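First comes the structure, then the notes that go with it.
Numbering (our numbering), first residue to last: 137 to 231.
Structural data, given as structure tokens:
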């Protein structure tokens, strides 16, 4: 059975419906769209613009790897956590 290649943007957005990925990012205070753009850029840096059927599982593993190890994503998460702490601290100071 022949399947057309899927654009990488669509495939990455479909990956974010995976329960493992959803659980990984559920506590992060970042919009999933921002994370998706970073991952799409990482995949494009590898030279992948379309995903074939046989590439789906390895690319899902790469998306999980990026979520756990990407320097950019870790910085975004850390920045969001810091901002969250600052907001909580400023709310307590106002009271």
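We put the CB at the ideal spot given by N, CA and C, even for glycine.
Please read all numbers here as calculations on a predicted model, not as lab measurements.
Taking three-plus beta-carbon pairs below 8 Å as touching, is the stretch 191–211 in contact with the stretch 175–183?
Three or more pairs of CB atoms, one per stretch, sit closer than 8 Å, so the stretch 191–211 contacts the stretch 175–183.
Would you say residue 198 and residue 172 are within 8 Å of each other, going by their C-beta atoms?
Between residue 198 and residue 172, the gap from beta carbon to beta carbon reaches 8 Å or more.
Using the C-alpha atoms, what's the distance from residue 162 back to residue 224?
Looking at the two C-alpha atoms, the distance is approximately 20 Å.
State the Cα-Cα distance for the pair residue 219 and residue 207, rounded to the nearest angstrom.
Spanning the two alpha carbons is a distance of roughly 18 Å.
Rounded C-alpha distance that separates residue 148 from residue 213
C-alpha separation (whole angstroms): 19 Å.
Please report the Cβ distance between residue 142 and residue 187, rounded to the nearest whole angstrom; I am assuming they are in contact, meaning their Cβ atoms lie under 8 Å.
Their Cβ separation, rounded to whole angstroms, is 5 Å, which keeps residue 142 and residue 187 in contact under 8 Å.
In DSSP terms, what residue 187 is bridged to:
Paired residues: 142.
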